[in-house]
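Each residue of the sequence shown is one higher than the one before, counting from 0 in numbering that gives the first Met the number 0. For reference, the structure discussed in these notes is given below.
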Amino acid sequence: MIRRFGSPPRTDKKYTLRPGVYALIRDGADLLVTFQEEPEPELQLPGGGIDKGESPLTALHREVYEETGWTIARPRRLGAFRRFVYMPEYDLWAEKLCSIYLAQPGRRLGPPSEPLHSAKWVPLAVARDILGNSGDRHFAALLAG
């Protein structure tokens, strides 16, 4: 059974399964996060949805690069969680199945290519308290020990 974080699903909505991949990218005591300005400003683990026909690892590398401008090395799956959310940018009620990976930073190739995103290195001890959703915070806390 995969643990659920956040609000329970609403009985008056139909949810679309949306698998995604997200990375905990640690450099010493710091964690690379992405700040997303819209639809609501929040710090997130870099990552996102897996496109049709795309492997999870290919999606992870693509999403991290798009949201941070960084490459990653040695991704290793840590676990997964579910959350039920409305995604206004897609006008979609989604059951997000979030697979979490631990990865090492590779190289910064440039700024994020994803609009309204910026990369930030934050202390891991702080990230576990300020990430935008409870699933991300849970995995950051596990990493922080």
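Built from N, CA and C at the ideal position, the CB exists for glycine as well.
Any 3 or more C-beta pairs closer than 8 angstroms across the region 49-59 and the region 6-16 | no
Range covered by the beta strand (DSSP E) that runs through Asp-26 = 15-26
How is Tyr-89 classed by DSSP in three states: helix, strand or coil?
-> coil
Rounded to a whole number of angstroms, what is the C-alpha to C-alpha distance between Tyr-89 and Gly-48?
-> 12 angstroms
Tell me whether Glu-41 sits in a helix, a strand or coil according to DSSP, three-state version.
-> strand
Nearest-angstrom Cβ-Cβ length linking Leu-101 and Leu-77, presumed shorter than 8 angstroms = 5 angstroms
Nearest-angstrom Cα distance between Leu-142 and Val-20?
-> 17 angstroms
Taking just the CA atoms, how far does Pro-55 sit from Arg-75?
-> 11 angstroms
What whole-angstrom Cβ distance do Thr-67 and Leu-31 have, given they're in contact under 8 angstroms?
-> 6 angstroms
Exposure label - Ile-1; buried when at least 16 CB within 10 Å = exposed
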